[in-house]
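Inspection log for the structure reproduced underneath, given as structure tokens.
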């Protein structure tokens, strides 16, 4: 039996070989009806599609967008922010007819995994929750891979929010309510693996912008910061256990993500504290769960951030710096401190 090729499909459909190629590689250039007819004919004739390796060699493109996480890959499937972001990336990838490859910049022992970007057959990288000075990104740039950052201060190309402004919005809200003693919980900054530790200076944090904005908006505030080794519900609980032992106690607890804030809120309630009567709790991101818990937060367009980052990577003409809007969402978890 003769080998089925793109030309075989083209002849059967009465179109050019390049049109058949577009049906697989650039679906947006064809009508839905024509693409479906080509794919149906290919299936009838037993054609599995063009070779990915051959296509990559001919075009100089891998047909895959890389998403690089600072954490283990499991983070992408467990964190609501990461999930929403990846939905946005995937929507663009589907429209462009390309794949998404998830990469971790950290090996199982917690060390940087340089091989992650050295081995990957990708056209570029979108970073998720990592700064531009990460050692793994140096190797990506040496390969000539474009890198799209999701932090405003990072790299040549970025889709981000103004984290300092986000912090100020929440700080202004708490200050207006009368809060002058706060405790903050941030994630991913305990390299000794201790679970949670107290941070004496914001200079110890690799990305302190939200906290800087928060304290700038609260003149005279007394603040204490706890850093957890992971951005998770359980990390928020661990930090809240430390916060509950403070004397004098804070009147408000700020999670640098909604996940941390929800975990902290749960622990405080378990210890018999009332939210917000005894202590206010608030977060950042406005994930879906935030509304369920009545959490005051600063909303950012998570899905749109993922979509724009993917568009920027897929189309070089879209590359630059994009700063997305944020807004304060006030709910029942914050109130004036008890007198």
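In full-length UniProt numbering, the protein residues as written are 1 to 339.
Think of the CB as a built atom: it goes at the ideal place given N, C-alpha and C, for glycine as much as any other residue.
Note that this is a predicted model, so its numbers are computed, not measured.
Would you check if the distance between the CB atom of residue i and the CB atom of residue j is smaller than 7 Å?
| i | j | result |
| --- | --- | --- |
| residue 349 | residue 225 | The structure shown does not extend to residue 349, since the chain is modelled only from 1 to 339, so the question has no answer here. |
| residue 69 | residue 104 | yes |
| residue 10 | residue 16 | yes |
| residue 187 | residue 228 | yes |
| residue 101 | residue 140 | no |
| residue 178 | residue 337 | yes |
| residue 349 | residue 286 | A question about residue 349 goes unanswered here, because the residues of the chain that appear run from 1 up to 339. |
| residue 204 | residue 164 | no |
| residue 182 | residue 326 | no |
So, under 8 Å CB-CB, residue i and residue j are touching, yes? Tell me the CB distance rounded to an integer number of Å.
| i | j | result |
| --- | --- | --- |
| residue 167 | residue 213 | 3 Å |
| residue 13 | residue 37 | 6 Å |
| residue 251 | residue 279 | 6 Å |
| residue 66 | residue 125 | 4 Å |
| residue 333 | residue 237 | The Cβ separation is near 16 Å, so there is no contact. |
| residue 196 | residue 242 | 6 Å |
Counting C-beta neighbours from all protein chains within 10 Å, is the total for residue i 16 or more, i.e. buried, or is it exposed?
| i | result |
| --- | --- |
| residue 94 | exposed |
| residue 137 | buried |
| residue 276 | buried |
| residue 292 | exposed |
| residue 7 | exposed |
| residue 77 | exposed |
| residue 255 | buried |
| residue 330 | exposed |
| residue 3 | exposed |
| residue 169 | buried |
| residue 156 | exposed |
| residue 235 | buried |
Among the residues of its own chain, which have a CB less than 7 Å from the CB of residue i, if the five just before and after it don't count?
| i | result |
| --- | --- |
| residue 91 | 307 |
| residue 301 | 324 |
| residue 231 | 79, 187, 188, 257, 259, 260 |
Who are the near neighbours of residue i in its chain, counting only those whose CB is closer than 6 Å to its CB and skipping five residues on each side?
| i | result |
| --- | --- |
| residue 130 | 70 |
| residue 311 | 92, 318 |
| residue 122 | 62, 64, 66, 101 |
| residue 240 | 264, 267, 268 |
Quick one: is the Cβ of residue i within less than 6 Å of any heavy atom of the ligand PLP?
| i | result |
| --- | --- |
| residue 130 | In the structure on display, the ligand PLP does not appear, and there are no ligands present to speak of. |
Looking only at its own chain, which residues have a Cβ that is under 8 Å from the Cβ of residue i, when we skip the five neighbours before and after it?
| i | result |
| --- | --- |
| residue 72 | 104, 106, 108 |
| residue 150 | 85, 126, 127, 128, 129, 158, 159, 160, 305, 309 |
| residue 145 | 66, 117, 122, 123, 124, 125 |
Which runs of the alpha helix (DSSP H) spanning at least 4 residues fall entirely within the stretch 23-51, listed in chain order?
-> 32-45
What residue ranges within the stretch 154-180 form continuous beta strand (DSSP E) runs of no fewer than 3 residues, ordered along the chain?
-> 157-161
Could you pull out every unbroken beta strand (DSSP E) segment of at least 3 residues lying fully inside the stretch 197-263, listed in chain order?
-> 222-228, 252-255
Quick one: complete alpha helix (DSSP H) runs, 4+ long, within the stretch 277-337?
-> Secondary structure within the stretch 277-337: the alpha helix (DSSP H) runs of 4 or more consecutive residues, fully enclosed, are 288-292, 302-314 (chain order).
Going along the chain, which unbroken runs of the alpha helix (DSSP H) with 4 or more residues stay wholly within the stretch 95-151?
-> 115-119, 135-142
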